[in-house]
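K.L.:
Take a look at this one; I'll ask things after.
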Amino acid sequence: MRISAQVSSSIEILYQVIDRYQPVPIAIREWARNNRYAGSSDRNAINNIVNATLRKKNSSAMLMKDDSPRSLCIGMFRLLWGKSVGEISDIFNGEIHSPDILTEDELLLIKDVVALEDAPSWVRGDYPEWLDGEFQKTFGEDTLEQAVALSSRPSLDIRVNTLKTKRDRVLKELNKFNPEITKYSVKGIRIKQKEGLDRSVKVENSKFFIKGYFEVQNEGSQIVSLLSGAKPGMQVLDYCCGAGGKTAVFSTLMENKGQVYSHDISEARVKPIYERLKRLGIRNSQIRIGKDSLEDLTSHCDIVFIDSPCSGSGTWRRKPDTKWRFNKNTLDRIIETQENILKEASEYVAKDGLLIYVTCSVLDSENSKQIEKFLSVNKNFNLLSWKDIWSKNIGGELPISANKSDKTLLLTPKNHETDGFFIAIMQKTI
5 MRISAQVSSS IEILYQVIDR YQPVPIAIRE WARNNRYAGS SDRNAINNIV
55 NATLRKKNSS AMLMKDDSPR SLCIGMFRLL WGKSVGEISD IFNGEIHSPD
105 ILTEDELLLI KDVVALEDAP SWVRGDYPEW LDGEFQKTFG EDTLEQAVAL
155 SSRPSLDIRV NTLKTKRDRV LKELNKFNPE ITKYSVKGIR IKQKEGLDRS
205 VKVENSKFFI KGYFEVQNEG SQIVSLLSGA KPGMQVLDYC CGAGGKTAVF
255 STLMENKGQV YSHDISEARV KPIYERLKRL GIRNSQIRIG KDSLEDLTSH
305 CDIVFIDSPC SGSGTWRRKP DTKWRFNKNT LDRIIETQEN ILKEASEYVA
355 KDGLLIYVTC SVLDSENSKQ IEKFLSVNKN FNLLSWKDIW SKNIGGELPI
405 SANKSDKTLL LTPKNHETDG FFIAIMQKTI
(Lines of atoms letter the chains of each structure in order from A; the text may use other names.)
(Lines give C-alpha, C1' and ligand atoms only; values in the text may rest on other atoms or scores of the structure.)
Protein backbone atom coordinates (compact mmCIF):
# COMPACT_ATOMS: atom_id res chain seq x y z
CA MET A 5 0.00 0.00 0.00
CA ARG A 6 1.11 3.56 -0.72
CA ILE A 7 1.16 5.98 2.18
CA SER A 8 -1.94 7.72 0.79
CA ALA A 9 -3.85 4.42 0.97
CA GLN A 10 -2.52 3.78 4.47
CA VAL A 11 -3.76 7.21 5.54
CA SER A 12 -7.17 6.60 4.00
CA SER A 13 -7.45 3.34 5.94
CA SER A 14 -6.27 5.07 9.12
CA ILE A 15 -9.04 7.65 8.80
CA GLU A 16 -11.56 4.82 8.40
CA ILE A 17 -10.25 3.18 11.58
CA LEU A 18 -10.25 6.48 13.49
CA TYR A 19 -14.00 6.77 12.90
CA GLN A 20 -14.43 3.45 14.71
CA VAL A 21 -12.18 4.54 17.57
CA ILE A 22 -13.60 8.04 18.06
CA ASP A 23 -17.27 7.60 17.19
CA ARG A 24 -17.78 4.03 18.45
CA TYR A 25 -15.25 4.17 21.32
CA GLN A 26 -13.57 1.06 19.96
CA PRO A 27 -10.07 0.34 21.37
CA VAL A 28 -7.35 0.83 18.75
CA PRO A 29 -6.10 -2.81 18.72
CA ILE A 30 -9.62 -4.13 18.14
CA ALA A 31 -10.40 -1.56 15.44
CA ILE A 32 -7.19 -2.36 13.56
CA ARG A 33 -7.74 -6.10 13.93
CA GLU A 34 -11.26 -5.79 12.48
CA TRP A 35 -9.97 -3.66 9.62
CA ALA A 36 -7.20 -6.19 8.87
CA ARG A 37 -9.72 -9.05 8.85
CA ASN A 38 -11.72 -7.21 6.17
CA ASN A 39 -8.64 -6.16 4.19
CA ARG A 40 -6.52 -9.28 3.93
CA TYR A 41 -4.38 -7.85 1.13
CA ALA A 42 -2.65 -5.60 3.67
CA GLY A 43 0.70 -6.88 4.89
CA SER A 44 2.36 -6.52 8.27
CA SER A 45 4.21 -3.38 7.15
CA ASP A 46 0.88 -1.79 6.20
CA ARG A 47 -0.69 -2.70 9.55
CA ASN A 48 2.34 -1.31 11.34
CA ALA A 49 2.20 1.99 9.42
CA ILE A 50 -1.54 2.31 10.01
CA ASN A 51 -1.07 1.62 13.72
CA ASN A 52 1.53 4.40 13.86
CA ILE A 53 -0.71 6.88 12.01
CA VAL A 54 -3.76 6.10 14.17
CA ASN A 55 -1.93 6.35 17.49
CA ALA A 56 0.00 9.47 16.48
CA THR A 57 -3.25 11.14 15.43
CA LEU A 58 -4.84 10.33 18.78
CA ARG A 59 -1.80 11.64 20.65
CA LYS A 60 -2.27 15.05 18.99
CA LYS A 61 -6.08 15.11 19.00
CA ASN A 62 -6.69 18.44 20.75
CA SER A 63 -3.97 20.45 19.04
CA SER A 64 -4.87 19.08 15.61
CA ALA A 65 -8.55 19.86 16.17
CA MET A 66 -7.73 23.46 17.08
CA LEU A 67 -5.38 23.87 14.13
CA MET A 68 -7.97 22.52 11.69
CA LYS A 69 -11.00 24.05 13.48
CA ASP A 70 -12.62 20.62 13.20
CA ASP A 71 -12.31 17.32 15.06
CA SER A 72 -13.27 14.86 12.33
CA PRO A 73 -10.79 11.97 11.83
CA ARG A 74 -9.72 13.46 8.49
CA SER A 75 -8.93 16.84 10.03
CA LEU A 76 -7.16 15.26 13.00
CA CYS A 77 -4.99 13.21 10.66
CA ILE A 78 -4.07 16.25 8.56
CA GLY A 79 -3.22 18.20 11.72
CA MET A 80 -1.04 15.38 13.06
CA PHE A 81 1.03 15.24 9.88
CA ARG A 82 1.69 18.95 10.20
CA LEU A 83 2.17 19.30 13.98
CA LEU A 84 3.74 16.02 15.09
CA TRP A 85 5.47 14.65 12.04
CA GLY A 86 6.41 18.07 10.67
CA LYS A 87 5.27 17.42 7.12
CA SER A 88 5.24 20.38 4.74
CA VAL A 89 2.09 21.63 3.04
CA GLY A 90 3.35 20.08 -0.19
CA GLU A 91 4.03 16.70 1.41
CA ILE A 92 0.55 16.61 2.96
CA SER A 93 -0.98 17.58 -0.40
CA ASP A 94 0.84 14.66 -2.03
CA ILE A 95 -0.84 12.28 0.45
CA PHE A 96 -4.31 13.84 0.27
CA ASN A 97 -4.35 13.70 -3.53
CA GLY A 98 -7.85 12.44 -4.38
CA GLU A 99 -6.59 9.43 -6.32
CA ILE A 100 -8.08 5.94 -5.99
CA HIS A 101 -7.66 4.50 -2.46
CA SER A 102 -6.39 7.92 -1.32
CA PRO A 103 -8.04 10.63 0.80
CA ASP A 104 -9.84 13.43 -1.00
CA ILE A 105 -7.74 16.36 -2.15
CA LEU A 106 -7.16 19.13 0.40
CA THR A 107 -9.72 21.91 0.30
CA GLU A 108 -8.75 25.57 0.10
CA ASP A 109 -9.72 26.01 3.77
CA GLU A 110 -7.58 23.04 4.83
CA LEU A 111 -4.61 24.42 2.91
CA LEU A 112 -4.95 27.78 4.63
CA LEU A 113 -5.26 26.22 8.09
CA ILE A 114 -2.16 24.00 7.89
CA LYS A 115 -0.10 27.02 6.87
CA ASP A 116 -0.98 28.78 10.15
CA VAL A 117 0.74 26.64 12.82
CA VAL A 118 1.53 29.84 14.76
CA ALA A 119 -2.17 30.06 15.62
CA LEU A 120 -1.64 27.48 18.39
CA GLU A 121 0.94 29.51 20.33
CA ASP A 122 -1.68 31.11 22.58
CA ALA A 123 -3.78 27.97 23.02
CA PRO A 124 -4.28 26.65 26.58
CA SER A 125 -2.12 23.85 27.97
CA TRP A 126 -4.79 21.19 27.53
CA VAL A 127 -4.86 21.94 23.80
CA ARG A 128 -1.13 22.12 23.13
CA GLY A 129 -0.46 19.32 25.64
CA ASP A 130 -3.25 17.14 24.22
CA TYR A 131 -5.03 15.99 27.35
CA PRO A 132 -8.76 16.17 28.26
CA GLU A 133 -9.86 19.68 29.22
CA TRP A 134 -11.65 18.45 32.35
CA LEU A 135 -8.30 17.18 33.70
CA ASP A 136 -6.57 20.56 33.41
CA GLY A 137 -6.94 21.21 37.15
CA GLU A 138 -5.36 17.83 37.97
CA PHE A 139 -2.43 18.44 35.63
CA GLN A 140 -1.88 21.96 36.96
CA LYS A 141 -1.99 20.65 40.54
CA THR A 142 0.66 18.03 39.80
CA PHE A 143 2.98 19.99 37.51
CA GLY A 144 2.26 23.70 37.99
CA GLU A 145 4.16 25.87 35.52
CA ASP A 146 5.73 22.73 34.04
CA THR A 147 2.33 21.40 32.91
CA LEU A 148 2.70 22.03 29.18
CA GLU A 149 6.15 20.45 28.81
CA GLN A 150 5.12 17.44 30.91
CA ALA A 151 1.94 16.96 28.87
CA VAL A 152 3.76 17.25 25.53
CA ALA A 153 6.18 14.52 26.64
CA LEU A 154 3.22 12.35 27.63
CA SER A 155 2.02 12.65 24.02
CA SER A 156 5.28 11.55 22.39
CA ARG A 157 6.09 8.17 20.87
CA PRO A 158 7.53 5.92 23.61
CA SER A 159 10.68 3.87 23.48
CA LEU A 160 10.75 0.08 23.76
CA ASP A 161 12.35 -0.89 27.06
CA ILE A 162 13.59 -4.32 28.06
CA ARG A 163 14.42 -5.88 31.42
CA VAL A 164 17.18 -8.47 31.38
CA ASN A 165 16.36 -11.60 33.37
CA THR A 166 19.52 -11.95 35.45
CA LEU A 167 18.39 -15.37 36.66
CA LYS A 168 19.42 -16.62 33.22
CA THR A 169 21.85 -14.20 31.58
CA LYS A 170 23.71 -10.88 31.70
CA ARG A 171 22.84 -7.55 30.12
CA ASP A 172 25.87 -7.56 27.79
CA ARG A 173 24.67 -10.77 26.11
CA VAL A 174 21.22 -9.31 25.42
CA LEU A 175 22.73 -6.07 24.12
CA LYS A 176 24.78 -8.10 21.65
CA GLU A 177 21.77 -10.19 20.59
CA LEU A 178 19.69 -7.05 19.87
CA ASN A 179 22.55 -5.11 18.26
CA LYS A 180 20.66 -4.53 14.98
CA PHE A 181 18.17 -2.32 16.88
CA ASN A 182 20.92 0.00 18.21
CA PRO A 183 20.07 -0.71 21.87
CA GLU A 184 21.28 1.45 24.75
CA ILE A 185 21.51 0.78 28.47
CA THR A 186 18.84 2.54 30.51
CA LYS A 187 19.80 5.51 32.66
CA TYR A 188 18.65 4.19 36.03
CA SER A 189 17.81 0.48 35.93
CA VAL A 190 20.88 -1.77 35.96
CA LYS A 191 18.76 -4.46 34.32
CA GLY A 192 17.37 -2.28 31.54
CA ILE A 193 17.92 -1.85 27.81
CA ARG A 194 16.27 0.80 25.63
CA ILE A 195 15.47 0.79 21.92
CA LYS A 196 14.40 4.25 20.77
CA GLN A 197 11.57 4.68 18.27
CA LYS A 198 11.32 7.85 16.16
CA GLU A 199 8.12 9.66 15.28
CA GLY A 200 6.81 8.69 11.87
CA LEU A 201 6.10 5.58 9.87
CA ASP A 202 9.20 3.67 11.00
CA ARG A 203 8.29 0.11 11.87
CA SER A 204 7.66 -0.53 15.56
CA VAL A 205 10.36 -2.72 17.03
CA LYS A 206 9.29 -6.31 17.71
CA VAL A 207 11.56 -8.41 19.90
CA GLU A 208 9.22 -11.18 21.02
CA ASN A 209 10.40 -13.46 18.20
CA SER A 210 14.00 -13.28 19.40
CA LYS A 211 15.38 -16.60 20.62
CA PHE A 212 16.56 -14.76 23.75
CA PHE A 213 12.98 -13.69 24.53
CA ILE A 214 11.65 -17.20 23.93
CA LYS A 215 14.31 -18.61 26.27
CA GLY A 216 13.31 -16.12 28.97
CA TYR A 217 16.48 -14.04 28.86
CA PHE A 218 14.53 -10.77 28.80
CA GLU A 219 11.11 -9.19 29.16
CA VAL A 220 9.55 -6.12 27.55
CA GLN A 221 9.10 -3.77 30.51
CA ASN A 222 9.29 0.02 30.70
CA GLU A 223 12.16 1.35 32.79
CA GLY A 224 9.66 3.10 35.07
CA SER A 225 8.09 -0.24 35.96
CA GLN A 226 11.55 -1.67 36.57
CA ILE A 227 12.49 1.24 38.86
CA VAL A 228 9.45 0.98 41.13
CA SER A 229 10.03 -2.77 41.41
CA LEU A 230 13.73 -2.34 42.24
CA LEU A 231 12.84 0.22 44.91
CA SER A 232 10.99 -2.54 46.79
CA GLY A 233 14.34 -3.83 48.01
CA ALA A 234 13.14 -7.44 47.82
CA LYS A 235 15.88 -9.82 48.99
CA PRO A 236 16.43 -13.60 49.17
CA GLY A 237 14.38 -15.22 51.92
CA MET A 238 11.74 -12.49 52.16
CA GLN A 239 7.98 -12.92 52.12
CA VAL A 240 6.59 -10.60 49.43
CA LEU A 241 2.95 -10.04 48.48
CA ASP A 242 2.41 -8.70 44.95
CA TYR A 243 -1.09 -7.29 45.43
CA CYS A 244 -2.98 -6.71 42.14
CA CYS A 245 -0.29 -8.69 40.32
CA GLY A 246 -2.04 -8.89 36.94
CA ALA A 247 0.14 -10.68 34.40
CA GLY A 248 3.07 -10.81 36.83
CA GLY A 249 5.57 -8.33 35.43
CA LYS A 250 6.59 -7.09 38.87
CA THR A 251 6.39 -10.56 40.42
CA ALA A 252 9.14 -11.49 37.96
CA VAL A 253 11.34 -8.63 39.18
CA PHE A 254 10.84 -9.57 42.84
CA SER A 255 11.73 -13.21 42.19
CA THR A 256 14.85 -12.14 40.32
CA LEU A 257 15.94 -9.86 43.16
CA MET A 258 15.26 -12.70 45.60
CA GLU A 259 17.22 -15.20 43.47
CA ASN A 260 14.24 -17.58 43.69
CA LYS A 261 14.65 -17.77 47.49
CA GLY A 262 11.83 -16.85 49.83
CA GLN A 263 8.25 -16.50 48.64
CA VAL A 264 6.36 -14.18 46.32
CA TYR A 265 2.58 -14.37 46.68
CA SER A 266 1.09 -13.17 43.39
CA HIS A 267 -2.44 -12.02 44.12
CA ASP A 268 -5.30 -10.67 42.03
CA ILE A 269 -9.07 -10.82 42.24
CA SER A 270 -9.37 -11.61 38.52
CA GLU A 271 -8.47 -15.06 37.24
CA ALA A 272 -8.54 -13.72 33.67
CA ARG A 273 -5.93 -11.04 34.42
CA VAL A 274 -3.66 -13.59 36.08
CA LYS A 275 -3.88 -16.12 33.24
CA PRO A 276 -0.68 -14.99 31.38
CA ILE A 277 1.42 -15.28 34.55
CA TYR A 278 1.79 -19.06 34.37
CA GLU A 279 3.55 -19.12 31.00
CA ARG A 280 5.59 -16.04 31.90
CA LEU A 281 6.99 -17.44 35.13
CA LYS A 282 7.81 -20.76 33.47
CA ARG A 283 9.65 -19.04 30.61
CA LEU A 284 11.63 -16.86 33.03
CA GLY A 285 12.63 -19.76 35.28
CA ILE A 286 10.83 -18.43 38.35
CA ARG A 287 10.13 -21.03 41.04
CA ASN A 288 9.25 -19.09 44.20
CA SER A 289 5.84 -17.67 43.28
CA GLN A 290 2.48 -18.81 44.61
CA ILE A 291 -0.59 -17.63 42.68
CA ARG A 292 -3.39 -16.50 45.00
CA ILE A 293 -6.71 -15.53 43.40
CA GLY A 294 -9.43 -13.79 45.43
CA LYS A 295 -9.28 -12.11 48.84
CA ASP A 296 -10.09 -15.31 50.72
CA SER A 297 -6.84 -16.80 49.43
CA LEU A 298 -4.78 -14.46 51.65
CA GLU A 299 -6.17 -15.28 55.10
CA ASP A 300 -2.94 -16.98 56.21
CA LEU A 301 -0.86 -13.91 55.31
CA THR A 302 -2.27 -11.45 57.86
CA SER A 303 0.65 -9.47 59.39
CA HIS A 304 3.01 -11.91 57.65
CA CYS A 305 4.72 -10.13 54.77
CA ASP A 306 8.00 -8.22 54.73
CA ILE A 307 6.80 -6.33 51.65
CA VAL A 308 3.29 -5.74 50.39
CA PHE A 309 3.52 -4.18 46.94
CA ILE A 310 0.31 -2.64 45.57
CA ASP A 311 0.32 -2.19 41.80
CA SER A 312 -2.93 -0.28 42.04
CA PRO A 313 -5.65 0.04 39.42
CA CYS A 314 -5.51 3.60 38.11
CA SER A 315 -6.30 5.95 35.24
CA GLY A 316 -3.18 4.82 33.38
CA SER A 317 -2.48 8.48 32.59
CA GLY A 318 1.25 7.82 32.84
CA THR A 319 1.00 5.39 29.93
CA TRP A 320 -1.35 7.37 27.68
CA ARG A 321 1.39 7.83 25.08
CA ARG A 322 1.20 4.04 24.52
CA LYS A 323 -2.61 3.88 24.51
CA PRO A 324 -3.72 7.38 23.49
CA ASP A 325 -7.28 6.29 22.75
CA THR A 326 -7.86 5.56 26.44
CA LYS A 327 -7.37 9.17 27.53
CA TRP A 328 -10.22 10.33 25.31
CA ARG A 329 -12.57 7.68 26.76
CA PHE A 330 -11.62 8.52 30.35
CA ASN A 331 -14.15 10.56 32.36
CA LYS A 332 -14.81 11.98 35.82
CA ASN A 333 -17.14 9.16 36.88
CA THR A 334 -14.48 6.58 36.04
CA LEU A 335 -11.87 8.54 38.00
CA ASP A 336 -14.16 8.72 41.04
CA ARG A 337 -14.71 4.95 40.94
CA ILE A 338 -10.98 4.32 40.63
CA ILE A 339 -10.20 6.57 43.60
CA GLU A 340 -12.70 4.68 45.75
CA THR A 341 -11.21 1.35 44.64
CA GLN A 342 -7.70 2.56 45.46
CA GLU A 343 -8.75 3.58 48.98
CA ASN A 344 -10.25 0.15 49.60
CA ILE A 345 -7.20 -1.66 48.22
CA LEU A 346 -4.81 0.32 50.43
CA LYS A 347 -6.89 -0.54 53.48
CA GLU A 348 -7.16 -4.24 52.58
CA ALA A 349 -3.52 -4.73 51.59
CA SER A 350 -2.18 -3.06 54.74
CA GLU A 351 -3.53 -5.98 56.79
CA TYR A 352 -0.83 -8.27 55.41
CA VAL A 353 2.21 -6.18 56.37
CA ALA A 354 4.38 -7.54 59.20
CA LYS A 355 5.76 -5.25 61.91
CA ASP A 356 8.62 -3.18 60.42
CA GLY A 357 7.53 -4.38 56.98
CA LEU A 358 6.91 -2.16 53.97
CA LEU A 359 3.66 -1.18 52.30
CA ILE A 360 4.46 0.09 48.80
CA TYR A 361 1.80 1.90 46.75
CA VAL A 362 2.37 2.29 43.00
CA THR A 363 0.31 3.66 40.13
CA CYS A 364 1.06 4.36 36.48
CA SER A 365 -0.77 7.66 36.88
CA VAL A 366 0.38 11.28 37.10
CA LEU A 367 -2.85 12.52 38.73
CA ASP A 368 -2.43 13.84 42.26
CA SER A 369 -5.85 12.56 43.35
CA GLU A 370 -4.70 8.99 42.65
CA ASN A 371 -1.26 9.46 44.14
CA SER A 372 -0.23 11.80 46.95
CA LYS A 373 -3.82 12.46 48.03
CA GLN A 374 -4.43 8.74 48.50
CA ILE A 375 -1.33 8.44 50.69
CA GLU A 376 -2.31 11.47 52.76
CA LYS A 377 -5.77 9.99 53.39
CA PHE A 378 -4.38 6.58 54.28
CA LEU A 379 -1.78 7.92 56.72
CA SER A 380 -4.30 10.21 58.41
CA VAL A 381 -6.25 7.12 59.50
CA ASN A 382 -3.47 4.53 59.84
CA LYS A 383 -1.09 6.02 62.40
CA ASN A 384 0.91 2.78 62.56
CA PHE A 385 2.47 3.51 59.16
CA ASN A 386 5.20 6.05 58.41
CA LEU A 387 6.03 7.43 54.97
CA LEU A 388 9.70 6.86 54.15
CA SER A 389 11.86 9.08 51.94
CA TRP A 390 12.14 7.67 48.43
CA LYS A 391 15.59 9.26 48.19
CA ASP A 392 16.93 7.14 51.04
CA ILE A 393 15.37 4.02 49.52
CA TRP A 394 16.80 4.86 46.10
CA SER A 395 20.33 5.28 47.45
CA LYS A 396 20.03 1.92 49.20
CA ASN A 397 18.35 -0.18 46.50
CA ILE A 398 19.35 1.40 43.17
CA GLY A 399 22.24 3.78 43.79
CA GLY A 400 23.88 6.00 41.21
CA GLU A 401 22.45 9.34 40.15
CA LEU A 402 19.53 10.52 42.28
CA PRO A 403 16.80 11.93 40.00
CA ILE A 404 14.43 14.79 40.79
CA SER A 405 10.84 13.74 41.39
CA ALA A 406 8.41 15.38 38.95
CA ASN A 407 6.18 16.31 41.90
CA LYS A 408 9.15 17.98 43.66
CA SER A 409 8.65 15.75 46.73
CA ASP A 410 11.32 14.26 48.97
CA LYS A 411 8.85 11.66 50.26
CA THR A 412 7.10 10.30 47.16
CA LEU A 413 8.55 9.76 43.69
CA LEU A 414 6.81 10.67 40.44
CA LEU A 415 8.53 9.50 37.26
CA THR A 416 7.55 11.08 33.92
CA PRO A 417 8.61 10.95 30.26
CA LYS A 418 9.91 14.53 30.44
CA ASN A 419 12.00 14.16 33.60
CA HIS A 420 13.13 10.55 33.39
CA GLU A 421 12.28 9.27 29.87
CA THR A 422 10.05 6.62 31.43
CA ASP A 423 6.31 6.14 31.51
CA GLY A 424 4.57 8.04 34.29
CA PHE A 425 4.83 6.15 37.60
CA PHE A 426 4.15 7.13 41.20
CA ILE A 427 5.53 5.31 44.24
CA ALA A 428 5.10 5.81 47.98
CA ILE A 429 6.92 3.55 50.45
CA MET A 430 5.50 3.21 53.96
CA GLN A 431 6.75 1.24 56.96
CA LYS A 432 4.56 -0.41 59.56
CA THR A 433 5.72 0.60 63.03
CA ILE A 434 3.35 -1.39 65.26
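For the sequence shown, position 70 matches number 74 in the working numbering, and the numbering has no gaps at all.
A virtual CB, placed ideally from N, CA and C, is assigned to each residue, including glycine.
Which residue comes first and which comes last in the beta strand (DSSP E) that contains SER89?
P.N.:
With the sequence shown as reference, residue 89 is identified as Val, and Ser is not the correct amino acid for it. No beta strand (DSSP E) contains VAL89, which is instead part of the alpha helix (DSSP H) from 89-95.
K.L.:
Give me, in chain order, the residues of the same chain whose beta-carbon lies closer than 7 angstroms to that of GLN10; leave out the 5 immediate sequence neighbours on both sides.
P.N.:
The residues are ASP46, ALA49, ILE50, ILE53.
K.L.:
Go through its chain and collect everything with a Cβ distance to THR256's Cβ below 7 angstroms, but skip five positions before and after it.
P.N.:
These residues qualify, in order along the chain: ASN165, THR166, LEU167.
K.L.:
I need the DSSP call for LEU4, collapsed to helix, strand or coil.
P.N.:
This structure does not reach residue 4, given that the chain is present from 5 up to 434, and the question cannot be answered.
K.L.:
Could you compute how far the alpha carbon of ILE185 sits from the alpha carbon of ALA153?
P.N.:
Approximately 21 angstroms, taken between the alpha carbons.
K.L.:
Take every Cβ of the region 315-335, pair it with every Cβ of the region 202-213, and state whether three or more of those distances are shorter than 8 angstroms.
P.N.:
No: the two stretches stay apart, fewer than three of their Cβ pairs being nearer than 8 angstroms.
K.L.:
Counting beta carbon pairs with one atom in the region 270-279 and one in the region 236-251, are three or more of them shorter than 8 angstroms?
P.N.:
Cβ pair count under 8 angstroms is three or more, so yes.
K.L.:
Taking DSSP as the reference, what is the three-state secondary structure of LYS355?
P.N.:
If DSSP states are grouped into helix, strand and coil, LYS355 belongs with the strands.
K.L.:
Using DSSP with H/G/I as helix, E/B as strand and the rest coil, what is HIS267?
P.N.:
Looking at HIS267 - three-state DSSP - the assignment turns out to be strand.
K.L.:
Have a look at LEU175, ILE429, ARG283, ARG173 and flag the residue whose alpha-carbon is nearest the alpha-carbon of SER389.
P.N.:
It is ILE429 whose Cα lies nearest to the Cα of SER389.
K.L.:
Compute the beta-carbon to beta-carbon distance between SER232 and PHE218, rounded to the nearest angstrom, for a pair I have assumed lies under 8 angstroms.
P.N.:
No, SER232 and PHE218 are not in contact; Cβ-Cβ is about 20 angstroms, not under 8 angstroms.
K.L.:
For ASP296, which residues in the same chain have their Cβ closer than 7 angstroms to its Cβ, ignoring the five residues on either side in sequence?
P.N.:
Same-chain partners within the cutoff: there are none.
K.L.:
Which value, in whole angstroms, describes the spacing of the CA atoms of GLN26 and ARG329?
P.N.:
Those two C-alpha atoms are separated by around 10 angstroms.
K.L.:
Please check the pair ILE22 and PRO73, which I expect to be a contact at CB under 8 angstroms, by giving their CB distance rounded to whole angstroms.
P.N.:
Their Cβ separation, rounded to whole angstroms, is 6 angstroms, which keeps ILE22 and PRO73 in contact under 8 angstroms.
K.L.:
Between the C-alpha atoms of LEU367 and MET258, what's the straight-line distance to the nearest angstrom?
P.N.:
Taking the straight line joining both Cα atoms gives about 32 angstroms.
K.L.:
Which stretch, first to last residue, makes up the beta strand (DSSP E) that contains SER289?
P.N.:
Looking at the DSSP string, the run of the beta strand (DSSP E) that includes SER289 is 289-293.
K.L.:
Buried or exposed: which applies to HIS101, given that a residue is buried once 16 or more other Cβ atoms fall within 10 Å of its Cβ?
P.N.:
Looking at its Cβ environment, which holds fewer than 16 other Cβ atoms inside 10 Å, HIS101 is exposed.
K.L.:
Going by other Cβ atoms of all chains shown within 10 Å of its Cβ, with 16 needed for buried, is PRO183 buried or exposed?
P.N.:
That one is buried.
K.L.:
From the DSSP output, which residues share a beta bridge with LEU387?
P.N.:
Paired residues: MET430.
K.L.:
Mind listing, in chain order, the continuous beta strand (DSSP E) runs of no fewer than 3 residues lying wholly within the region 211-269?
P.N.:
With a minimum length of 3 residues, the continuous beta strand (DSSP E) runs that stay inside the region 211-269 are 218-220, 239-243, 263-268.
K.L.:
Does DSSP put ASP116 in a helix, in a strand, or in coil?
P.N.:
Here ASP116 sits in coil by DSSP.
K.L.:
Distance check for LYS191 and VAL205, CA to CA, integer angstroms please.
P.N.:
Each residue's Cα considered, the two are about 19 angstroms apart.
K.L.:
Identify the residues that DSSP records as bridge partners of GLY129: which are they?
P.N.:
Its beta-bridge partners do not exist; DSSP assigns none.
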